[in-house]
Amino acid sequence: MTLKLFQKGFNYSQDGQGNRLVYHLQGCNMTCPWCANPEGMPMEGAMIREAGKSPRLSCKVYETEEILREAVSCVPMFFDGGGVTFSGGEATCQFEALKEVLTELQKAGIHTAVETNGTHRRLPELFPCIDQLIMDCKHWDAEQHRKYTGVPFSVVYANLKEAAAKHPRVDIRTPLIGGVNDSEEDVAHFLDLYEELSGPNVTFELLKYHEYGRKKWEECGWTYAMDEKAHVTVEQMKDFQEKIRGRGLTYKKS
Ligand code: SF4
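This is the structure:
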């Protein structure tokens, strides 16, 4: 089987525990206007036009065996509990090949992580071959979730609940975005939702909005629609983090 990737490289602790080889899989079913990797959104890849360079398609095709071989050759680099992470785009958009490669990596004794928007109906099928499951929870409100991501919240919610109930290691992340999900009402509802999902196997983390993706949107020939109002303050982040801890939940980072 084959996987389409638009980026790969090592990253320490940002995409799972320890030092990790991170594969960014092409294609996403969401349309978040703040996306930091817009070139990873189209299933067939995006045409990137960087100044002074020829236009190029964002993605390349790899055999799953190539990825397995590469990962095995990198084992000495997987220190501090590291391993391989599949991110995106949305990794589960290439479900069958993802399942195959995760299974083979586990057989080879390599720690596996997946970063997902949680929308795939068959996500629980992958639980046995994912050691660390990193799931987004972008909005608590179904209508707002659909408005900003283009996708209903119902499957995400069902998958979050099933993961919290059955997966041994779940990290739930919320990108905090001004005017989208950062009001006092939003925070109160997120806290209730987090509490519902809580357990010794579940951590929570807030990701501060940034606009690192702006240049890439322009290189893809698209308009970056986010404005200054999307920035949240350090105080807002700290306050929300404290409230998470105040509910007795585990916040991932200090
Ligand atoms: S789910 Fe992630 S990869 Fe997909 S559009 Fe949203 S931010 Fe981008």
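With numbering that gives the first Met the number 0, the residue at position 36 of the sequence shown is 35, and numbering never jumps.
Ideal placement from N, C-alpha and C gives every residue a C-beta, glycine not left out.
On a predicted model such as this, the values are computed, not experimentally measured, just so you know.
Remark: the C-beta of T30 is in contact range of the ligand SF4, defined as less than 8 Å to any heavy atom. Relative to the ligand SF4, the beta carbon of G81 is positioned no closer than 8 Å to any heavy atom. Taking every protein chain shown into account, the CB of V60 has fewer than 16 other CB atoms within 10 angstroms, so this residue is exposed. The residue among Q143, E62, D79 with its C-alpha nearest the C-alpha of I109 is D79.
The beta carbon of G149 is closer than 7 Å to those of M29, T30 in its chain, skipping five residues each way along the sequence. In this structure, T102 and C73 do not form a Cβ contact; the two beta carbons are roughly 18 Å apart against a cut-off of 8 Å. N10 and G245 have their C-alpha atoms spaced approximately 31 Å apart. Annotated three-state conformation of P41 is coil, per DSSP. Going by DSSP, Y61 is part of the beta strand (DSSP E) stretching over 59-62.
Secondary structure of Y208 (DSSP, three-state): coil. Looking at the DSSP output, I133 shares a beta bridge with E114, D170. In the structure shown, T222 falls within a coil segment according to DSSP collapsed to helix, strand and coil.
Assignment of N10 by DSSP, reduced to helix, strand and coil, places it in the strand class.
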